[in-house]
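By my numbering, the letter at position 27 of the sequence shown is numbered 773, and the numbering carries on one by one without gaps. Structure first, then comments.
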Amino acid sequence: WPAFLVFTALMWVASRAAALEANNFSTSEYFPPPHYTNRQFQLSAAQARSLSSDRQLLLTKVKLQTFKVSGELELVIEVPECVYDQTNRTVGSPGPLQVRSGDGQFRIAGEGFSYRQGESRVVISNRVHATVELPTTNSAGPLEITSRWFEFDKDQLRGVFHDEVHGGDTDFDFTCGQLSVGAVTNP
């Protein structure tokens, strides 16, 4: 009888573990009415595995895309591995990541990040390096910026480089403690 209970428990654990892994994982969230047919974000991964909580997933080869209400691609975040918390609607990782704007004119990379969907906020926590393609009439090239950490508020279209900020192009260099960058949208 005890052997039967152990066998049954092992079978249950094995079946549960098999059910907690998936390939080609994808989930999306849509804007509230009246734009409920437009995606707000899509999270896709080559593989997903449930962690101790059924509401947290370890994802590998991850791509997170955010969209404007119009459906236009806004941001693309790519990481080798991260944790997706379905309850708190957050995605995060201590590892490397790359981010680019939908139009490709802004690219940023670093180590460690968190994305809070409810707050529409991305934080890159370490070793930030950004490239900004500026519309220009001279040959100064792209603007390169490095900092210790960075945060972006999607709702305010505002990014802030924090601590040990250095930057420049072929024509000038700068150093500061904090650099705020805002975006303007065409109506």
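Even for Gly, the Cβ is constructed at its ideal location relative to N, Cα and C. Just so we're clear, the structure is a prediction, and the values are computed from it rather than from any experiment.
{"Query": "If you follow the beta strand (DSSP E) that G928 is part of, which residue opens it and which one closes it?", "Result": "D919 to G928"}
{"Query": "For L810 versus Y861, is the C-beta spacing smaller than 8 Å?", "Result": "yes"}
{"Query": "Starting from the N-terminal side, write out each stretch of the beta strand (DSSP E) that is 3 residues or longer and does not extend beyond the stretch 769 to 798.", "Result": "785 to 796"}
{"Query": "Between the Cα of G887 and those of S816, G914, N769 and R801, spot the shortest distance and give me the residue it belongs to.", "Result": "G914"}
{"Query": "Given V759, which residues of its chain have a CB within under 6 Å of its CB, disregarding the five upstream and five downstream residues?", "Result": "Note that V759 scores 39 on pLDDT, short of 50, meaning its location in the model is unreliable and no value can be drawn from it."}
{"Query": "Per DSSP, which residues does R853 bridge with? Please list them.", "Result": "R846 and T877"}
{"Query": "What's the call for T812, buried or exposed, on a 16-neighbour Cβ count within 10 Å?", "Result": "buried"}
{"Query": "Starting from the C-beta of F898, find all residues in its chain whose C-beta is less than 6 Å away, skip the five residues before and the five after it, and write them out in chain order.", "Result": "V868 and G905"}
{"Query": "What's the C-alpha gap between R823 and Q844?", "Result": "Note that residue 823 is Ile in the sequence shown, not Arg. Near 6 Å, if we compare the C-alpha coordinates of Q844 and I823."}
{"Query": "Is it buried or exposed for Q786, if we count other Cβ within 10 angstroms and need 16 for buried?", "Result": "buried"}
{"Query": "Three-state secondary structure (DSSP) at K814?", "Result": "coil"}
{"Query": "For F852 and T773, I'd like the C-alpha separation in whole angstroms.", "Result": "25 Å"}
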